[in-house]
């Protein structure tokens, strides 16, 4: 099994992956960012209700909270940011214009596909795709147009599913993409259904990470690419048993605002994928490339359009807006990592071939041990057995 860890540089060099996979960015791009709106948002945050210091891990409560959060906030997000409900991918060495943010979100999709070696030039373009945590379907529609693939998206939010289907119909993609309400931990699809399994910033909502990746692997066809882009906490040092107290407190406040269960590290994801015997596991920290995103979200929230829309969106969305500076703080302190983890499901024919060779070798060895004969190359043993039987029966 090949496992690689990629540094956050472009193009990123391949490194041999050991037990853990993490890269410390120096200097972190977050420390180079300044937002004129950050101080005013912190003053708003100070007046917000105190966040809980425990994460929400009860499955039913968490699912209900996630669904309601996105029922409330999706229309606001679409109105300001468009189809894609995820970070953007930026060049850390260039200035970012406001108009570039939506383009950066599309760029993130392209970079994730490139990282996983899924391209139009590949010999096996994806034909059936599942979008796990699909939002309003932006990734699905983009991937469908790019590859001509059929995409199925799942979300806990009925509002998102309805809007995603409406947008697909409006864009002439109703025959190619469809969306439904379903739980990512219990996907309503048969085994081996998809040749691209896509999860863009939904893994952080999953209370059972092992079951989450197991479901991704289950619905993946042999040879399929699995792409996970998600929020993680930093990898632990060999001498550490857990995060520091202040780190846990900060993450718990974010969990309370965005309906997240306990966080895990990139290394945790890699180990889970290893336990499922998945192949070509790669991981990278892209925090540097998404650095301008949260300041841009704060800026958009503090515009007249953003503020008026926010006030009409609901308490859950307002609470989430108050927590945005916490995300920036987590990135600045190298606690939060924006991670991509990809792998492929082994091909059944290859496994069968290997098992067949092992079985044949065992049969040859066993015959040598039992009859003390020289091994023969090929598959002529059955003919020899037939001759022996004919001789014993008196025939030729």
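In full-length UniProt numbering, the protein residues as written are 1 to 396. Ideal Cβ placement from N, Cα and C applies to all residues, glycine included. Source: prediction; values computed, not measured.
Residue i versus residue j - alpha carbon distance
| i | j | result |
| --- | --- | --- |
| residue 121 | residue 100 | 27 Å |
| residue 347 | residue 194 | 13 Å |
| residue 379 | residue 369 | Interpretation of residue 379 is limited by its pLDDT of 40, a score under 50 that renders its predicted location unreliable; the figure taken from the coordinates is listed afterwards. Cα to Cα, residue 379 sits roughly 18 Å from residue 369. |
| residue 265 | residue 217 | 19 Å |
| residue 38 | residue 295 | At residue 38, the pLDDT of 39 sits below 50, so the modelled position is not reliable and the matter cannot be decided from this model. |
| residue 330 | residue 358 | 50 Å |
| residue 363 | residue 278 | 29 Å |
| residue 245 | residue 198 | 33 Å |
| residue 106 | residue 231 | 18 Å |
| residue 210 | residue 153 | 21 Å |
| residue 70 | residue 175 | 25 Å |
| residue 206 | residue 200 | 13 Å |
| residue 118 | residue 125 | 7 Å |
| residue 72 | residue 325 | 20 Å |
| residue 90 | residue 102 | 11 Å |
| residue 144 | residue 109 | 12 Å |
| residue 303 | residue 237 | 41 Å |
| residue 219 | residue 361 | 33 Å |
| residue 150 | residue 127 | 6 Å |
| residue 27 | residue 267 | Interpretation of residue 27 is limited by its pLDDT of 34, a score under 50 that renders its predicted location unreliable; no figure is taken from the coordinates. |
| residue 170 | residue 260 | 33 Å |
| residue 290 | residue 299 | 15 Å |
| residue 67 | residue 240 | 35 Å |
| residue 263 | residue 208 | 10 Å |
| residue 196 | residue 242 | 34 Å |
| residue 62 | residue 123 | 41 Å |
| residue 80 | residue 233 | 28 Å |
Environment of residue i [buried if 16+ CB atoms lie within 10 Å]
| i | result |
| --- | --- |
| residue 334 | buried |
| residue 345 | buried |
| residue 365 | exposed |
| residue 337 | buried |
| residue 286 | buried |
| residue 186 | exposed |
| residue 313 | buried |
| residue 213 | buried |
| residue 173 | buried |
| residue 342 | buried |
| residue 307 | exposed |
Beta-ladder partner(s) of residue i, from DSSP
| i | result |
| --- | --- |
| residue 233 | 265, 336 |
| residue 194 | 220 |
| residue 128 | 150 |
| residue 179 | 153 |
| residue 327 | DSSP, once it has assigned bridges, lists no residue as partnering residue 327. |
| residue 225 | 196, 344 |
Contacting residues, own chain, Cβ-Cβ under 7 Å from residue i (five flanking each side not counted)
| i | result |
| --- | --- |
| residue 202 | 132, 133, 184 |
| residue 321 | 301, 310 |
| residue 136 | 74, 78, 83, 85, 160, 163, 164, 167 |
| residue 59 | 207 |
Selection from the options that minimises the alpha carbon distance to residue i
| i | options | result |
| --- | --- | --- |
| residue 315 | 340, 256, 328 | 256 |
| residue 269 | 89, 63, 229 | 229 |
| residue 104 | 280, 87, 234 | 87 |
| residue 319 | 304, 61, 65 | 65 |
| residue 115 | 227, 151, 260, 293 | 227 |
| residue 178 | 146, 192, 139, 297 | 139 |
| residue 339 | 297, 283, 323 | 283 |
| residue 215 | 182, 293, 249 | 182 |
| residue 129 | 224, 208, 61 | 224 |
| residue 323 | 332, 67, 250 | 250 |
| residue 297 | 62, 61, 76 | 76 |
| residue 292 | 189, 332, 254, 317 | 332 |
Neighbourhood of residue i by C-beta distance below 6 Å, restricted to the same chain and skipping five residues each side
| i | result |
| --- | --- |
| residue 111 | 89 |
| residue 247 | 335 |
| residue 147 | 125, 126 |
| residue 48 | Low per-residue confidence applies at residue 48: pLDDT is 34, beneath 50, and the placement is therefore not dependable, though the value from the model is reported in the following sentence. Taken in chain order, the residues that qualify are 322. |
Spatial neighbours of residue i in its chain, beta-carbon cut-off 8 Å, leaving aside the 5 residues before and after
| i | result |
| --- | --- |
| residue 191 | 218, 219 |
| residue 158 | 67, 71, 181 |
Below-8 Å beta-carbon distance, residue i vs any chain D residue
| i | result |
| --- | --- |
| residue 223 | Although the question refers to chain D, the structure presented lacks it and comprises just one protein chain. |
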